[in-house]
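Visitor: Got a structure for you, questions after.
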């Protein structure tokens, strides 16, 4: 049995409550630091996760940290998780969903495109937060940061 559970966190006025809510995210009126986290459980095992983070400044949601256990890939779990993020964005009246990825596997890029995302560009020689920019890292560990966007409605 496949279940997708969601986790909702909202930070307001310096207080960061962490709880499992009893109402779906669309029942919450404010979008202040609005974030969600979904976990896919199959036969009692966590097999996939995804997070979404709302950005009030540009009225977008960022799809973050999608991951599916290698043994369960190709079974539609990532697509179901991606759809949950899109549903969350629509229910909360965000205008677009954005994501960035350093994924080198083309399957990840095909997944995003199958969900409706459009490729908007790449940052060459991307440096992960916390990297020291040492000469060895620059020589042997260069990443390409691919950006995607799915416009839900015009502002």
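Numbering (this note's numbering), first residue to last: -6 to 148. The beta-carbon is built from N, C-alpha and C at its ideal position, and this holds for glycine as well.
Compute the Euclidean distance between the alpha carbons of residue 51 and residue 70, then round it to the nearest angstrom.
Guide: Straight across, the Cα-Cα distance linking residue 51 with residue 70 is about 29 Å.
Visitor: For residue 62, which residues of its own chain have a beta-carbon under 6 Å away from its beta-carbon, when the five flanking residues on both sides are left out?
Guide: 40
Visitor: How would you write the range of the beta strand (DSSP E) that residue 100 sits in, first residue to last?
Guide: Run containing residue 100: none in the beta strand (DSSP E); it sits in the alpha helix (DSSP H), 99 to 107.
Visitor: Helix, strand or coil: how does DSSP classify residue 117 here?
Guide: strand
Visitor: Can you look up residue 44 in the DSSP assignment and give me helix, strand or coil?
Guide: strand
Visitor: Secondary structure at residue 136, three-state DSSP: helix, strand or coil?
Guide: strand
Visitor: Just verifying my parser: in three-state terms, what is the DSSP assignment at residue 63?
Guide: helix
Visitor: With a threshold of 6 Å on Cβ separation, who are the neighbours of residue 116 within its own chain once the five nearest residues in sequence on each side are excluded?
Guide: 138
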